[in-house]
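Everything in the sequence shown is counted per my numbering, starting at 127 for the first residue and increasing by one.
Don't be surprised by glycine CBs; every beta carbon is placed ideally from N, CA and C.
Let me begin by presenting the structure, written as structure tokens, before commenting on it.
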Amino acid sequence: MPAANPAAQAAGGVRVLPGDPDRSFLLAKLLGQLGPGEGSRMPLIGPPLSPNAIDLVRRWIAAGAPGRLPF
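Next comes the structure, spelled out in structure tokens:
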């Protein structure tokens with residue numbers, strides 16, 4: 127599914143690209159690796175996710191973003 131953010135859409139961003147965490151906009155948002163106009167780091171409220179939590183998201187995407195555990 128394309129990213130909802132217009133700047134990310136224009137850059138070809140995809141919310142989650144199963145199997146490819148480095149091309150998934152979700153991971154870029156969590157890491158704060160955003161281009162101009164692509165919004166703010168997630169989460170908006172509170173501290174950034176821990177490295178362990180971000181690694182879990184990365185592994186989930188790399189595993190194909192399955193709907194069930196284990197992955």
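Note to self: Quick check: residue 160 and residue 184, are their CB atoms within less than 9 Å of each other?
What the structure shows: no
Note to self: Going by DSSP in three states, residue 128 sits in which element: helix, strand or coil?
What the structure shows: strand
Check: Hey, would you say residue 177 sits closer than 9 Å to residue 186, going by beta carbons?
Finding: no
Margin query: Using 8 Å for Cβ pairs, my map puts residue 133 next to residue 169. What's the rounded Cβ distance?
Written below: With a Cβ gap of about 20 Å, residue 133 and residue 169 do not count as contacting.
Next item on the list: Would you mind sorting residue 151 into buried or exposed? The rule is 16 or more other CB atoms within 10 Å of its CB.
Entry: Buried, because 16 or more other Cβ atoms sit within 10 Å of the Cβ of residue 151.
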